[in-house]
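Please read the structure below before turning to the comments.
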Amino acid sequence: MGAQHEYFVADRDELAQLDLAKSPVSQLPAERAAELPGVDPTVVLLSLVEVLTTVDFDTLLASTSDELVFDGGDDGPWVTPVDRATVVAIQGADGDPELEWEDAVAQWGELVGEELNDPDAEALLEITDELRRLAGEVAGERRLYCWTN
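Under this note's numbering, the residue at position 132 of the sequence shown is numbered 181, and the numbers go up by one with no gaps.
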């Protein structure tokens with residue numbers, strides 16, 4: 050079985066109050082957390098940013114941090130902050146006009162289809178809609194995080 054990925058939005062105080070050994074989806078309001086199986090914060094998420102920004106994947110990878118907010122040891126879970134540039138790229142993906150957004154999602158699907166078990170176009174749109182929704186919750190002191198187990 051592959052790793053489980055959950056994305057969530059929290060500020061420092063909320064982050065400190067969470068039991069990060071447990072699923073954040075079970076601890077936060079639904080509008081600020083989502084299970085996104087297969088959407089790892091490196092290969093899959095940065096591939097989406099590559100499509101949205103046309104910045105080369107290797108350049109994106111080199112500019113990301115390896116920072117861990119929570120380290121559950123060899124067996125996990127682990128929590129990493131999602132780079133602000135990644136959040137900004139997703140926030141800027143407003144999907145207007147709709148055809149262009151669908152084209153971007155299709156390109157992303159071609160890059161990461163295997164990692165996501167070859168989802169159909171509707172499933173890819175659902176994943177990107179969740180990411181866009183969560184990125185929209187990032188403001189002020191709130192950041193987007195990925196919990197992996």
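Positions of the beta carbon are idealized from the N, C-alpha and C atoms, including for glycine.
Who are the Cβ neighbours of residue i in its own chain at under 7 Å, not counting the five residues just before and after it?
i     : result
Gly90 : One detail in the question is off: residue 90 reads as Pro in this sequence, not Gly. Counting only Cβ-Cβ distances below 7 Å, and skipping sequence neighbours, we find Thr129, Val131, Cys195.
Once DSSP output is grouped into helix, strand and coil, what is the label at residue i?
i      : result
Ala172 : helix
Arg191 : coil
Ala52  : coil
Arg61  : helix
Ala70  : coil
Glu80  : helix
Thr197 : strand
Val88  : coil
Can you give me the Cβ contacts of residue i inside the same chain, cut-off strictly under 8 Å, excluding the 5 residues immediately before and after it?
i      : result
Leu173 : Val154, Ala155, Trp157, Gly158, Leu165
Asp105 : Glu99
Pro168 : Gly158, Gly162, Ile176
Leu200 : Because residue 200 is not part of the residues shown, which for the chain are 50 to 198, the question remains open.
Leu67  : Ala59, Pro73, Gln76, Leu77
Report the CB separation of residue i from residue j in whole angstroms; it is logged as a contact under 8 Å.
i      : j      : result
Pro86  : Asn198 : The Cβ separation is near 11 Å, so there is no contact.
Pro78  : Glu55  : Rounded, the Cβ-Cβ distance is 14 Å, inconsistent with contact.
Val137 : Val58  : With a Cβ gap of about 14 Å, Val137 and Val58 do not count as contacting.
In chain order, what residues of the same chain lie with their CB nearer than 6 Å to the CB of residue i, ignoring the 5 residues before and after it?
i      : result
Thr113 : Asp132
Val161 : Val93, Ser96
Ala82  : Phe57, Pro73, Val74
For a minimum of 3 consecutive residues, which ranges assigned as the beta strand (DSSP E) are wholly contained in the region 101–136? As for any beta strand (DSSP E) of minimum length 3 sitting wholly inside the region 101–136, the runs are 127–130, ordered along the chain.
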